[in-house]
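Contents: one structure, followed by commentary.
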Amino acid sequence: MVYDILVIGGGLAGLVNAVHLSQAGLKVLVLEKNEYPKHKVCGEYISNEVLPYLKSIDIDPFEVGATSIEKFALSSPQGTQVKTRLPLGGFGISRFSLDNLLYQKAVANGCKVVKATVEKIRFLDDHFEVTTRGGFEYFATFAIGAYGKRSNLDVQLDRKFIHQKTPYLAVKSHYTGNFPDDLVALHNFKGGYCGVSKVEDGLINVCYLANYKTFKQYRNIETYQQEVLCKNPHLKSIFRTLKSAFPKPLTISQISFAAKETVENGIFMCGDTAGMIHPLCGNGMGMAIHSAQILSNLFIQFFNTKMTNRHELEQTYIEKWEKTFSRRLNAGHILSLFLANPSLLNVGIPTLKLFPRVLPFIIKQTHGEKFSTV
Ligand SMILES: Cc1cc2nc3c(=O)[nH]c(=O)nc-3n(C[C@H](O)[C@H](O)[C@H](O)COP(=O)(O)OP(=O)(O)OC[C@H]3O[C@@H](n4cnc5c(N)ncnc54)[C@H](O)[C@@H]3O)c2cc1C
Numbered sequence: 028m029v030y031d032i033l034v035i036g037g038g039l040a041g042l043v044n045a046v047h048l049s050q051a052g053l054k055v056l057v058l059e060k061n062e063y064p065k066h067k068v069c070g071e072y073i074s075n076e077v078l079p080y081l082k083s084i085d086i087d088p089f090e091v092g093a094t095s096i097e098k099f100a101l102s103s104p105q106g107t108q109v110k111t112r113l114p115l116g117g118f119g120i121s122r123f124s125l126d127n128l129l130y131q132k133a134v135a136n137g138c139k140v141v142k143a144t145v146e147k148i149r150f151l152d153d154h155f156e157v158t159t160r161g162g163f164e165y166f167a168t169f170a171i172g173a174y175g176k177r178s179n180l181d182v183q184l185d186r187k188f189i190h191q192k193t194p195y196l197a198v199k200s201h202y203t204g205n206f207p208d209d210l211v212a213l214h215n216f217k218g219g220y221c222g223v224s225k226v227e228d229g230l231i232n233v234c235y236l237a238n239y240k241t242f243k244q245y246r247n248i249e250t251y252q253q254e255v256l257c258k259n260p261h262l263k264s265i266f267r268t269l270k271s272a273f274p275k276p277l278t279i280s281q282i283s284f285a286a287k288e289t290v291e292n293g294i295f296m297c298g299d300t301a302g303m304i305h306p307l308c309g310n311g312m313g314m315a316i317h318s319a320q321i322l323s324n325l326f327i328q329f330f331n332t333k334m335t336n337r338h339e340l341e342q343t344y345i346e347k348w349e350k351t352f353s354r355r356l357n358a359g360h361i362l363s364l365f366l367a368n369p370s371l372l373n374v375g376i377p378t379l380k381l382f383p384r385v386l387p388f389i390i391k392q393t394h395g396e397k398f399s400t401v
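If you want this note's numbering, it's the 1-based position in the sequence shown plus 27.
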């Protein structure tokens, strides 16, 4: 069987494409290496800019317990804190629940989802041939690369960024205890920053990104948190009072924010596979969902014969992607340089308190407008 579209990776970008395209009647196959549901390292705060679109493809995160978030707090490593209302607001939902909701919707729409790790992908003029671990082969007219920030496939495709070393690792755990329902906090510490916000069932997600150089001096996560994160009094109070709901934290490493190609070897890259914004912006999931919407709409136009060839489709996607996301990526990069400098933060955050309009303005630079059409 030749599928219309084969999606490699069933995370947010892959599953949103799967739901949208299968709803439009296209034959879609998703190959995902993990089972659903599964916890993922992520801050789990999503901007409201994606809500109208998600609802238009019949996905309602509030049905699985999402919590509304309207306020934002930012603290310096010393603990000086500034608070503001989020311009668009957002919601908190675990990836365990959100990815599973999308997966169930995709299957209900008639999409085929197979648990398999893709090892090889080849473009043969007018179709793709994909081989999975175990030697199974699948064929499709188009392929979407939605396999996340870093994967074995980046090595196979010899993508430029894969040869650069990256200094970041991330740690995440859910906790029980007291934390405001409507707040997302970003607390800085020497060598990184930590996001805290509520998800479903009253659980609190605590997720931080750290520079490996600062981390490797400590024996383990527990000591690192005590010795480094807890120098920020807000984090000290969080780690002292909250109780972990995970047997041990989840970790990932080798997180890259390097520029990537949007289309490579004929594969349409989507979500983090096309480019990743610094997590401090709290908008990577928004971008994954929005890029899937842009791509799905283009594929639907193509199959409705409003576009004539593959090249035109590729160029249109590249242009739309750049137009929609390059400003945000640049703003995220500049902000990350600012946050990486504790002395700047210790001066900058008290200054932000004096000019209350500045923080919402900065947040807007890393986000888009609400988007709705399917
Ligand atoms: C520390 C941290 C905190 C973050 N916090 C936030 C936040 O609060 N808000 C926000 O909006 N964004 C946040 N992000 C960003 C967000 O997590 C990502 O942008 C988002 O997950 C991108 O989704 P995706 O679908 O591109 O990738 P993923 O969700 O990673 O999905 C990729 C999928 O591909 C599968 N896969 C990989 N290789 C293969 C293969 N060879 N074969 C088959 N399957 C494969 C994987 O198993 C995975 O399921 C954070 C990121 C980090 C690192």
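Ideal Cβ placement from N, Cα and C applies to all residues, glycine included. Quick caveat, the model's predicted, so the values are computed rather than measured.
So, using beta-carbon positions, are residue i and residue j closer together than 9 Å?
i           : j           : result
residue 213 : residue 222 : yes
residue 99  : residue 326 : no
residue 30  : residue 166 : yes
residue 319 : residue 47  : yes
residue 316 : residue 81  : yes
residue 206 : residue 265 : yes
residue 191 : residue 271 : no
residue 171 : residue 32  : yes
residue 174 : residue 36  : yes
residue 117 : residue 96  : yes
residue 238 : residue 104 : no
residue 114 : residue 380 : no
residue 305 : residue 74  : no
residue 38  : residue 71  : no
residue 420 : residue 313 : The shown model of the chain, from 28 to 401, leaves out residue 420, and the question about it has no answer.
residue 286 : residue 302 : yes
residue 224 : residue 236 : no
residue 241 : residue 218 : yes
residue 92  : residue 291 : no
residue 101 : residue 376 : yes
residue 389 : residue 367 : no
residue 257 : residue 69  : no
residue 300 : residue 133 : no
residue 44  : residue 323 : yes
residue 106 : residue 260 : yes
residue 202 : residue 307 : no
residue 79  : residue 398 : yes
residue 208 : residue 94  : yes
residue 378 : residue 344 : no
residue 204 : residue 262 : no
Run through the DSSP bridge pairs and tell me what residue i is partnered with.
i           : result
residue 303 : None, per the DSSP bridge assignment.
residue 156 : 149 and 166
residue 57  : 34 and 140
residue 221 : 214 and 235
residue 111 : 99
residue 198 : 235 and 278
residue 7   : Lying outside 28 to 401, the shown extent of the chain, residue 7 is not represented and no answer is given.
residue 270 : 203
residue 119 : 72 and 94
residue 29  : 166
residue 376 : In the DSSP output, where bridge partners are listed per residue, residue 376 has none listed.
residue 52  : Per DSSP, none; premise fails for residue 52.
residue 161 : Paired residue(s): none; residue 161 is not in a bridge.
residue 172 : 35 and 296
Hey, quick one: how far does the alpha helix (DSSP H) through residue i stretch, first residue to last?
i           : result
residue 64  : Per DSSP, residue 64 belongs to no alpha helix (DSSP H) and is neither H nor E.
residue 23  : Residue 23 cannot be examined here, being either before or after the span of the chain that is shown, 28 to 401.
residue 249 : 248-254
residue 390 : 385-392
residue 283 : Note, residue 283: premise wrong, no alpha helix (DSSP H); not H, not E.
residue 182 : 179-183
residue 79  : 78-83
I'd like the span of the beta strand (DSSP E) that includes residue i, first residue to last.
i           : result
residue 74  : 72-74
residue 361 : Per DSSP, residue 361 belongs to no beta strand (DSSP E); it is in the alpha helix (DSSP H), 337-366.
residue 295 : 294-296
Looking at chain C, is there any beta carbon in it that lies within less than 9 Å of the beta carbon of residue i?
i           : result
residue 210 : Among the chains in the structure shown there is no chain C, since it carries only a single protein chain.
Does the stretch 173-185 come within contact of the stretch 332-342, defined as at least 3 CB pairs closer than 8 Å? no
Given 8 Å, three or more beta-carbon pairs between the stretch 126-137 and the stretch 56-65: yes
Check whether the stretch 38-57 touches the stretch 360-375, counting contact only when three or more Cβ pairs, one atom from each stretch, lie closer than 8 Å. no
When you compare the stretch 142-153 with the stretch 100-114, are there three or more beta-carbon pairs, one atom per stretch, that lie closer than 8 Å? no
Using 8 Å as the threshold, is the stretch 275-287 in touch with the stretch 191-204, meaning 3 or more CB pairs across them? yes
Does the count of Cβ pairs from the stretch 341-357 and the stretch 293-302 closer than 8 Å reach three? Taking 8 Å as the limit for Cβ pairs, the verdict is that the stretch 293-302 does touch the stretch 341-357.
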